[in-house]
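Counting in this note's numbering, the sequence shown runs from 3 upward without gaps.
Note that beta-carbon positions come from the ideal geometry of N, C-alpha and C, so glycine has one too.
Contents: one structure, followed by commentary.
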Amino acid sequence: MEEAIEKVKRLANGTDQTPFTSEEYMMYFSCAFFFSSIRFYGSYTGILYEKFIAALHDNILGVILPALDGKEDVPLLMEIMDLWSKYKILAHWLLRFFEPLRPFCSITRGANISDVPYKLICDGINQERAGIMVDRDIIKAAIRLFVEVDDKGKRFYYRNFEQVLLTDIDARYTKLAQEWISDCSFDEYIGQALDCIDMEETRMVYYLPRNTMANVVEVMKYEFLEKQTRSVVELLFRGGPRSR
């Protein structure tokens with residue numbers, strides 16, 4: 003099993019391009035099954051489980067965290083995506099070989115992911131809104147990472163990200179609506195608000211699942227129209243921007 007773990011590590015890191023043969027797979031799986039089921043000398047399930055967990059921990063502490071150290075902004079997101087793809091290879095093969103341990107395992111919590119990537123993604127989208135060139139594929143891939151992790155564990159990473167994103171949108175467009183009400187006529191305000199909603203919808207459809215897209219549009223309509231109803235009505239009767 004240690005031999006299997008070492009080869010999985012090499013595959014994940016890209017230092018070994020030779021895939022497991024069907025014979026190797028059956029050998030390692032059978033080994034795990036045998037040692038987790040024998041009773042004569044006592045079960046080895048606990049020992050195998052410790053090796054399985056140690057392999058994941060070693061990867062996190064020895065590979066992932068050092069690679070992330072000192073990186074920020076876009077380089078941090080790019081490194082996260084690269085490490086995530088490698089970690090999936092590692093976890094995929096370890097889970098296949100150690101499948102006989104499944105009845106023994108009790109998954110109570112997932113690995114914690116900092117809120118930092120949430121903010122980096124929102125910052126990247128804000129830069130795009132400001133006309134700055136950003137790597138849209140990296141942002142999209144990072145969001146997809148949260149969706150994948152959400153699907154596999156008990157921590158709601160994507161839902162947490164969605165809340166951070168909607169809060170950021172709320173704050174941004176509340177401020178913008180107040181500025182426009184001070185500077186625009188009624189027709190100008192409504193025209194700019196609808197154009198802004200359309201542009202945001204066009205931008206976000208590249209990044210977000212359909213359900214989140216609907217939430218984004220609802221937040222923007224609320225900020226520009228419902229929340230500002232009184233001010234918009236006053237703007238209609240005022241006929242133009244406030245005098246300065």
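Write down the C-beta distance between Tyr-224 and Phe-163 rounded to the nearest angstrom, noting that I regard them as a contact closer than 8 Å.
-> Indexing the sequence shown from 1 puts residue 224 at position 222. Indexing the sequence shown from 1 puts residue 163 at position 161. Wrong, their Cβ atoms sit about 20 Å apart, outside the cutoff.
Candidates Leu-50, Tyr-160 and Val-218, of which the one nearest Ala-144 by Cα = Looking up residue 144 in the sequence shown gives position 142. Ranked by Cα distance from Ala-144, the options Leu-50, Tyr-160 and Val-218 are led by Tyr-160.
Span of the alpha helix (DSSP H) holding Gln-194?
-> The residue you call residue 194 lines up with position 192 of the sequence shown. Unbroken alpha helix (DSSP H) run through Gln-194: 188 to 206.
Is the stretch 88 to 107 touching the stretch 68 to 79, taking contact as three or more C-beta pairs under 8 Å?
-> At 8 Å Cβ cutoff, the stretches do not touch.
How is the alpha helix (DSSP H) around Pro-68 delimited, first residue to last?
-> On the sequence shown, position 66 is the one that residue 68 refers to. Segment 67 to 70, the alpha helix (DSSP H) holding Pro-68.
Three-state secondary structure (DSSP) of Met-3 | Reading the sequence shown from its first residue, position 1 is the one you call residue 3. Assignment of Met-3 by DSSP, reduced to helix, strand and coil, places it in the coil class.
Are at least three pairs of beta-carbons, each pair with one atom in the stretch 79 to 92 and one in the stretch 5 to 25, less than 8 Å apart?
-> The way I'd put it, the stretch 79 to 92 does touch the stretch 5 to 25; three or more beta-carbon pairs between them come closer than 8 Å.
From Ser-87, Leu-196, Met-222 and Ile-62, residue whose alpha carbon lies closest to that of Phe-148 | Position 146 of the sequence shown holds residue 148. Closest by alpha carbon: Ser-87.
For Tyr-175 versus Phe-226, is the C-beta spacing smaller than 8 Å?
-> Taking the sequence shown and counting its residues from 1, one reaches residue 175 at position 173. Taking the sequence shown and counting its residues from 1, one reaches residue 226 at position 224. Against a cut-off of 8 Å, the Cβ pair of Phe-226 and Tyr-175 comes out as a contact.
So, Gln-194 versus Cys-186, is the Cβ gap smaller than 8 Å?
-> Within the sequence shown, numbered from 1, the residue matching residue 194 stands at position 192. Within the sequence shown, numbered from 1, the residue matching residue 186 stands at position 184. At a Cβ-Cβ threshold of 8 Å, Gln-194 and Cys-186 count as neighbours.
Range covered by the alpha helix (DSSP H) that runs through Glu-164 = The sequence position of residue 164 within the sequence shown is 162, counting from 1. Taken as a continuous stretch (DSSP letters only), the alpha helix (DSSP H) holding Glu-164 covers 159 to 185.
Does the beta-carbon of Thr-20 have 16 or more other beta-carbons within 10 angstroms, so that it is buried, or is it exposed?
-> Locating residue 20 in the sequence shown gives position 18, where the first residue counts as 1. Thr-20 sits exposed, since fewer than 16 C-beta atoms from the chains shown fall within 10 Å of its C-beta.
Thinking Leu-237 and Phe-188 are a contact (beta carbons under 8 Å), I'd like their distance in whole angstroms, please.
-> Against the sequence shown, residue 237 aligns to sequence position 235. Against the sequence shown, residue 188 aligns to sequence position 186. Right, their Cβ atoms sit about 5 Å apart.
Contacting residues, own chain, Cβ-Cβ under 7 Å from Met-80 (five flanking each side not counted) | By one-based count along the sequence shown, residue 80 stands at place 78. Around Met-80: Ile-140.
How many angstroms separate the CA atom of Ile-171 from the CA atom of Val-221?
-> Sequence index remark: in the sequence shown, residue 171 carries index 169 (1-based). Sequence index remark: in the sequence shown, residue 221 carries index 219 (1-based). Their Cα atoms are separated by approximately 8 Å.
Using three-state DSSP, classify Gly-126 as helix, strand or coil.
-> Mapped onto the sequence shown, residue 126 falls at position 124. Note: Gly-126 maps to helix in three-state DSSP.
So is the beta-carbon of Met-222 under 7 Å away from any non-hydrogen atom of the ligand COA?
-> The model on display carries no ligand, and the ligand COA is accordingly not part of it.
Same chain, Cβ closer than 7 Å to Phe-42, neighbours up to 5 away in sequence not counted = Start at 1 with the first residue of the sequence shown, and residue 42 comes out as number 40. Its pLDDT being 45, under 50, Phe-42 is placed unreliably by the model, and nothing is read from it.
Over the uninterrupted alpha helix (DSSP H) stretch that includes Ala-132, give me the two end residues.
-> In the sequence shown, counting from the first residue as 1, residue 132 sits at position 130. Counting along the chain, Ala-132 sits inside no alpha helix (DSSP H), nor does DSSP assign it H or E at all.
The alpha helix (DSSP H) enclosing Pro-102, as first and last residue numbers | Indexing the sequence shown from 1 puts residue 102 at position 100. Premise fails: Pro-102 is in no alpha helix (DSSP H) and is neither H nor E.
Sorted by chain position, which residues of the same chain lie with C-beta nearer than 8 Å to Ile-49's C-beta, five sequence neighbours on each side aside?
-> As a working note, residue 49 is residue 47 in the sequence shown. Result list for Ile-49: Phe-37, in chain order.
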